[in-house]
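Protein chains in written order, with the numbering used here: chain A, 1 to 224; chain B, 1001 to 1224. Positions of the beta carbon are idealized from the N, C-alpha and C atoms, including for glycine. In this text the structure is predicted, and so the values were computed from the model without any measurement. Single-structure report; data block below.
There are 2 protein chains.
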Amino acid sequence: MARNAHPEVTERRILEAARDLFTEKGYEHTTIQNIVDRLGDLSKGAIYHHFKSKEAILDRLNSADWDNSQSERDRIMARTDLNGLERLRALFVMALGDEEHRQLSEVTLPFLDDPKMLFANLRFWATDLPDHWLPIIEEGVRDGSISTRYPREAAELIALLTNYWLLPMFYPASRDELRHRTECLATMLDAIGVPVFDARLIDQTADFYARLGTASAESGEKYH
Amino acid sequence: MARNAHPEVTERRILEAARDLFTEKGYEHTTIQNIVDRLGDLSKGAIYHHFKSKEAILDRLNSADWDNSQSERDRIMARTDLNGLERLRALFVMALGDEEHRQLSEVTLPFLDDPKMLFANLRFWATDLPDHWLPIIEEGVRDGSISTRYPREAAELIALLTNYWLLPMFYPASRDELRHRTECLATMLDAIGVPVFDARLIDQTADFYARLGTASAESGEKYH
């Protein structure tokens, strides 16, 4: 017996209401009751039928964010007019320019303050994410756009440093300091033959993290 | 009323017995009762009088390790025949060559598998440790042995990458792969004007982490 003929419609409504509330009030201050009130026609029980906890809603939003950008990524991966280096840059430009992704990052970023969340993210940055970058770097090596002795190391460093070291939450910095830091990263990646950060991407990266930094100013307190 | 006329003697005996047991049986499998049995003349209560938990004993062993090497560090810091770059290298050579430090690292390293322990260490690598390296890099800039636009970034990256990225526990690697990874780090640090890793130090670093890797082979499972 189906409790709901269109569960995916209900889930989508819950996710959208939750995302709006997390952005407005912050995740910590949002309750399931707030979501009930916002939707108007669903009970608490109905929401728990779809998501076992507030955390489960957040997890789904995060993976939905990755799924959303998946089609964008597929489009970039399918382009035959790009060499490996250009493809790598295009993926960065896309991620940094995606306003919905940035807003969701602002919501989820403060949770990196939690040891378990940070641990899970570090694992992702050390394992899955380098596996995502490596084939593109290897494509660049084959087509001659990238000339490096360190493809695996570059993939690991790009994943770790752009996601962790550039975060003002862990390494506090002004916009100018973030630009300087990104320039430093660019210089190092150039030196190992993976010149993905050109002048435009350096500026875009600094802007992205500076805006995130403002949003997460109160976070990172356990760190400092 | 003093329960013990020489508490520091008792504490030293407890720490030595605990360190031996942690090395022999592993931290996880060592109990306070084992320490009681090893010492023979102290009750459980007497041990809890000095240390509130097994974790407190481990913490003290870690800080004792840092204190032990403090006098070595002071000696290197006091030398007037070294320029900034040479002083930086001497500190690395010392840390990598200290057999007691390596043995204790083997004991404490598996705990990085615990999110809270890793979090505390990441904080140390992001804040205190760069503050330790930065003045030496700045000394090198003043005396002309180091020429960099990125002193702060170099201090942060040395702290993060040598302590986290080089660990086979998080980024599994053979001895040869560790040498390649260290070479990559050296190339990047050279490019930002901080050529601390010369050929000898690259080999010594790869050897150090390869030996640690063997010891912590069963760790890092939550990561992979």
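{"Item": "Host alpha helix (DSSP H) of alanine 1173 of chain B (start-end)", "Value": "Looking at the DSSP string, alanine 1173 of chain B is not in any alpha helix (DSSP H), and its letter there is neither H nor E."}
{"Item": "For leucine 1157 of chain B and proline 1168 of chain B, believed in contact at Cβ under 8 Å, the rounded distance", "Value": "With a Cβ gap of about 19 Å, proline 1168 of chain B and leucine 1157 of chain B do not count as contacting."}
{"Item": "With 16 other Cβ atoms within 10 Å as the buried cut-off, status of tyrosine 209 of chain A", "Value": "buried"}
{"Item": "Residue environment, histidine 1050 of chain B, which counts as buried when at least 16 other CB atoms sit within 10 Å", "Value": "buried"}
{"Item": "Selection of the region 1109–1129 of chain B by Cβ proximity to chain A, strictly under 7 Å", "Value": "Pro1115, Lys1116, Leu1118, Phe1119, Arg1123, Ala1126 and Thr1127"}
{"Item": "Rounded Cβ spacing between glycine 1084 of chain B and aspartate 1143 of chain B (contact assumed at less than 8 Å)", "Value": "6 Å"}
{"Item": "Neighbour-count burial assignment, threonine 31 of chain A, 16 or more Cβ in a 10 Å radius", "Value": "exposed"}
{"Item": "Length of the line joining the Cα atoms of leucine 118 of chain A and threonine 162 of chain A", "Value": "15 Å"}
{"Item": "Closer than 9 Å at the beta carbon, the chain B residues around arginine 181 of chain A", "Value": "Tyr1150, Arg1152, Glu1153 and Glu1156"}
{"Item": "9 Å Cβ cutoff met for arginine 38 of chain A and aspartate 59 of chain A", "Value": "no"}
{"Item": "Cα-Cα separation between lysine 1054 of chain B and aspartate 1114 of chain B, rounded to whole angstroms", "Value": "15 Å"}
{"Item": "C-beta neighbour in chain B for isoleucine 192 of chain A, strict 9 Å", "Value": "yes"}
{"Item": "Contacting residues, own chain, Cβ-Cβ under 6 Å from alanine 2 of chain A (five flanking each side not counted)", "Value": "Any reading at alanine 2 of chain A must be qualified, since the residue scores a pLDDT of 41, below 50, and its modelled position is unreliable; the value itself is stated next. Same-chain partners within the cutoff: there are none."}
{"Item": "C-beta neighbour in chain B for tryptophan 165 of chain A, strict 9 Å", "Value": "yes"}
{"Item": "CB-CB length for alanine 191 of chain A against alanine 1191 of chain B, believed under 8 Å", "Value": "3 Å"}
{"Item": "Inter-residue CB distance, valine 1194 of chain B and isoleucine 1137 of chain B (contact presumed, cutoff 8 Å)", "Value": "6 Å"}
{"Item": "Contact between the region 13–27 of chain A and the region 73–88 of chain A (3+ Cβ pairs under 8 Å)", "Value": "no"}
{"Item": "For leucine 1160 of chain B and threonine 1182 of chain B, believed in contact at Cβ under 8 Å, the rounded distance", "Value": "The pair is not a contact, with the Cβ atoms about 14 Å apart (cut-off 8 Å)."}
{"Item": "Whole-Å CB distance - arginine 211 of chain A paired with arginine 123 of chain A, under 8 Å assumed", "Value": "Actually they are not in contact, since the Cβ atoms of arginine 211 of chain A and arginine 123 of chain A sit about 26 Å apart, beyond 8 Å."}
{"Item": "Chain B residues whose Cβ lies nearer than 7 Å to that of methionine 188 of chain A", "Value": "Met1188, Ala1191 and Ile1192"}
{"Item": "Alpha carbon of alanine 1154 of chain B to alpha carbon of alanine 78 of chain A, nearest angstrom", "Value": "38 Å"}
{"Item": "Partner residues on chain A for leucine 1058 of chain B, Cβ-Cβ distance less than 8 Å", "Value": "Per Cβ cutoff of 8 Å: no residues; leucine 1058 of chain B is ~17 Å from chain A at best."}
{"Item": "Min CB distance tyrosine 171 of chain A to chain B below 9 Å", "Value": "yes"}
{"Item": "Beta-carbon gap between phenylalanine 1170 of chain B and alanine 126 of chain A smaller than 9 Å", "Value": "yes"}
{"Item": "CB contact below 9 Å: leucine 1160 of chain B versus chain A", "Value": "yes"}
{"Item": "Phenylalanine 208 of chain A in three-state terms, based on DSSP", "Value": "helix"}
{"Item": "Assigned secondary structure, alanine 1002 of chain B (DSSP; H/G/I helix, E/B strand, else coil)", "Value": "For alanine 1002 of chain B, the predicted model reports a pLDDT of 41, less than 50, meaning its position is unreliable; a value from the coordinates is still stated below. Alanine 1002 of chain B: coil per DSSP, three-state reduction."}
{"Item": "Tryptophan 133 of chain A versus A/Arg152, A/Ser145 and A/Asn121, residue with shortest Cα-Cα distance", "Value": "A/Arg152"}
{"Item": "Local Cβ density within 10 Å of arginine 1087 of chain B, reported as buried at 16 or more and exposed below that", "Value": "buried"}
{"Item": "Coil, strand or helix - glutamate 1011 of chain B by DSSP", "Value": "helix"}
{"Item": "Per-residue burial, arginine 205 of chain A [other beta carbons within 10 Å of its own, 16 or more giving buried]", "Value": "Checking the sequence shown, residue 205 of chain A turns out to be threonine, not arginine. Threonine 205 of chain A should be labelled buried."}
{"Item": "Buried/exposed call for glycine 1097 of chain B, threshold 16 Cβ in 10 Å", "Value": "exposed"}
{"Item": "Histidine 6 of chain A versus arginine 13 of chain A - alpha carbon distance", "Value": "11 Å"}
{"Item": "Per-residue DSSP class, three states only, for proline 1135 of chain B", "Value": "helix"}
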